[in-house]
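Protein chains in written order, with our numbering: chain U, 2 to 294; chain A, 2 to 294.
Where a beta carbon is used, it is the ideal one built from N, C-alpha and C, also for glycine.
Note that the coordinates shown come from a computational prediction; the quantities given were computed from them, not determined experimentally.
Protein chains: 2
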Amino acid sequence: MTNEAAFIAAMRVLASHPGARGLADDCAILEFGGETLVLTHDMMVAGTHFLRGQDPADVAWKLVASNISDLAAKGAEPLGVLLGYQLGSGDARFADGLGAALAHYGAPLLGGDTVGGSGGRRALGLTAIGRATHRPVPSRAGARAGDGVWITGALGGAMIGLEALQSGDDGAGSAAYRRPVARLVEGIALAPQVTAMMDVSDGLLLDALRMARASGAAIAIDSAAIPLACPDSRRDEALRWGDDYELLFTLPEGTLPVIDASRIGTVRDALQGTVLLDGLPLDPAAGLGYEHG
Amino acid sequence: MTNEAAFIAAMRVLASHPGARGLADDCAILEFGGETLVLTHDMMVAGTHFLRGQDPADVAWKLVASNISDLAAKGAEPLGVLLGYQLGSGDARFADGLGAALAHYGAPLLGGDTVGGSGGRRALGLTAIGRATHRPVPSRAGARAGDGVWITGALGGAMIGLEALQSGDDGAGSAAYRRPVARLVEGIALAPQVTAMMDVSDGLLLDALRMARASGAAIAIDSAAIPLACPDSRRDEALRWGDDYELLFTLPEGTLPVIDASRIGTVRDALQGTVLLDGLPLDPAAGLGYEHG
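Next comes the structure, spelled out in structure tokens:
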């Protein structure tokens, strides 16, 4: 077991509160005062989650979008955020991007902490607090055999955008990587319909595997049905690439989503806890997506 | 203006929501579902907030205590925490200390994020979520001329404890530094009584200055009245040392606190926004306490 896997296993032992959902969902869920809070905290580290030297305004935008995407996957509307910020170069640009992203989602900055800079891999954290618009709050664990498997938008855009940025294009060509947009409106609209929902920030196949395991079902995906935002020749890569922030969800057979989305597969009851790609079970050890390390 | 001051000024512009309290309080306050949420996020960085090489179990304990202390200062009971963790050496020890601290305060782990290690100054973050037990929630801004100024416990213990730890004592002699205890019970008991309350994590004089500025009043402190957990010869240092996690609060003249505490001064209306130590106004530029940097 890696250090990270061992640490997360230790955290699971501590996270016995039902609202923690076994640390196996996008967010924690907390009943409070007759309503339901939805809580998430994501970190980003220089060199892993963003490029060293990347425009700090884009880093701030992505930090907000990645957390709001977790709220979106639970159908929650944002109430506000707390920022944990390690000072570095471009702090004023970071503040600009943070302001733009928070304004985009209507999420106020409520508080946080600022600490000294890092000689090494600078770490940034954001906590997003939301209000569930539908209860029960959608989880990853609700996919049932026979459900349709759906996805919003298209995959591969962040992959193309990163390559464009690495080639010096810091404009429209790299926007999908630099300025991802969380599917907040879509998540809220879908919450009453879905049997399971999550975001696909770490890559479709890896995240689908998580849904399959949480649900005790198999997720069978038809790769040709997946809309792409990259050349068709790169389809296999796009299914394994992170940072697209689309929503993966399941609906009862015969139900159509209330927003634009694409049917990409079906939930099966054989081979529970696996992903079937074009009928073949995937090997989880084969690198299905982006494992944060 | 330092980079940090400029960044915090930019954050204040974004934090226009009333619940952010202008980023000038221990916590954010959010009305939700007919109750009141109390939210805080504190970070700790290796080499600044803890010693490189310090037992990770103690680091985890302090991370929890420092956040719970913020809840205590608002009279809030903890509902849970979200952890932002950067992997490093001693992850299993960190998990042990985290579990011990969360059990001590009855605060469940609800979620968070784990990211790769840092080559430099590792950063850890914790978000604590609490429920206000009394409304209005005590703020730093309520001190009024004529109020008594009070403090729980004694100061200087963390200073002595750090020195003991640096000398190799990782037992009882350094416990005040390694394993601070947030005044959660006291804060909840005091919340209905106080006109203002905050914790003194950055040193009494600096934190009293913050209360004076937030309240638009002067805080006059009688240094001889301050209980010490260190030799009397080090009184001046103890007033400027952080990490003691006591509560500083004000009560209407004639009111006695419901818990053990010491009266150390009086709120004045002359020289608003200053701290008077034994009758003399302090120079804020003279190093009143621990400024995180």
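A:I152 and U:A287 have their C-alpha atoms roughly 59 Å apart.
Neighbourhood of U:Q87 in chain A, by CB distance below 9 Å: M44, V46, R122 and A124, in chain order. Close partners of A:S140 in chain U (Cβ separation under 8 Å) are lacking, with about 13 Å as the shortest Cβ gap.
Restricting attention to beta strand (DSSP E) runs no shorter than 3 residues, the stretch 183 to 212 of chain A encloses them at 197 to 200, ordered along the chain. Per DSSP, the beta-bridge partners of U:D114 are U:G85.
Its Cα nearest to that of U:Y178, the residue U:W62 stands out among U:I222, U:G100, U:A16 and U:W62. Collapsing the DSSP output to three states places A:L249 in a strand. In this structure, the beta-carbon distance from U:D200 to U:A74 falls below 8 Å. Assignment of U:P228 by DSSP, reduced to helix, strand and coil, places it in the coil class. Residue contact check for A:E78 against chain U: no CB pair falls below 8 Å.
Here the C-alpha atom of U:A176 lies approximately 34 Å from the C-alpha atom of U:N4. Restricting attention to A:A262, A:L207, A:A29 and A:D233, the CA atom closest to the CA of A:L278 is found in A:L207. As DSSP reads the structure, A:S263 sits in a beta bridge with A:I152. A straight line joining the alpha-carbon of U:R22 with that of A:D284 spans about 51 Å.
Rounded to the nearest whole angstrom, the CA to CA distance from U:G255 to U:A190 is 18 Å. Of the residues assessed, U:G217 falls on the exposed side of the cut-off, its CB having fewer than 16 other CB atoms within 10 angstroms. Around U:R264, the same chain offers G149 and W151 as residues with beta carbons nearer than 6 Å, after the five sequence neighbours per side are excluded.
For the set U:L110, U:A93 and U:T196, the Cα lying nearest the Cα of A:L24 is the one of U:L110. DSSP places A:G98 within a helical segment (H, G or I) once states are collapsed to three.
Per DSSP, the continuous beta strand (DSSP E) segment holding U:L278 begins and ends at V276 to L278. It is roughly 11 Å from the alpha-carbon of A:A221 to the alpha-carbon of A:G274. A check of alpha carbon separations from A:L80 across U:M212, U:D261, U:G89 and U:H18 identifies U:H18 as the nearest.
Listed along chain A, the residues sitting closer than 9 Å to U:D92 by beta-carbon distance are N4, E5, A7, F8 and A11. Here U:T134 has G76, A77, E78, I189 and A192 as same chain residues with Cβ atoms under 7 Å from its own Cβ, once five neighbours each way along the sequence are excluded.
The C-beta of A:S17 comes closer than 8 Å to at least one C-beta of chain U. Taking C-beta atoms as the reference points, U:D71 and U:A129 count as a pair closer than 8 Å.
Take U:G143, set aside five residues on each side of it, and the residues of its chain with a beta-carbon closer than 6 Å to its own are T196 and A197, in chain order.
Residue environment for A:S90: exposed (fewer than 16 other C-beta atoms within 10 angstroms of its C-beta).
Per DSSP, A:G126 lies in no alpha helix (DSSP H); the unbroken beta strand (DSSP E) holding it starts and ends at A124 to A133. Counting along the chain, A:A159 sits inside the alpha helix (DSSP H) bounded by residues G158 to Q167.
Taking 8 Å as the upper bound for CB-CB distance, U:L156 and U:A239 are in contact here, some 4 Å apart.
Contacts with chain U at 8 Å (Cβ-Cβ) include A:L99.
In the three-state DSSP reduction, A:P79 falls in the strand class (E or B). Residues of the stretch 162 to 192 of chain U with a C-beta less than 8 Å from any C-beta of chain A: none at all. A direct Cα-Cα distance of roughly 21 Å separates A:G113 from U:L249.
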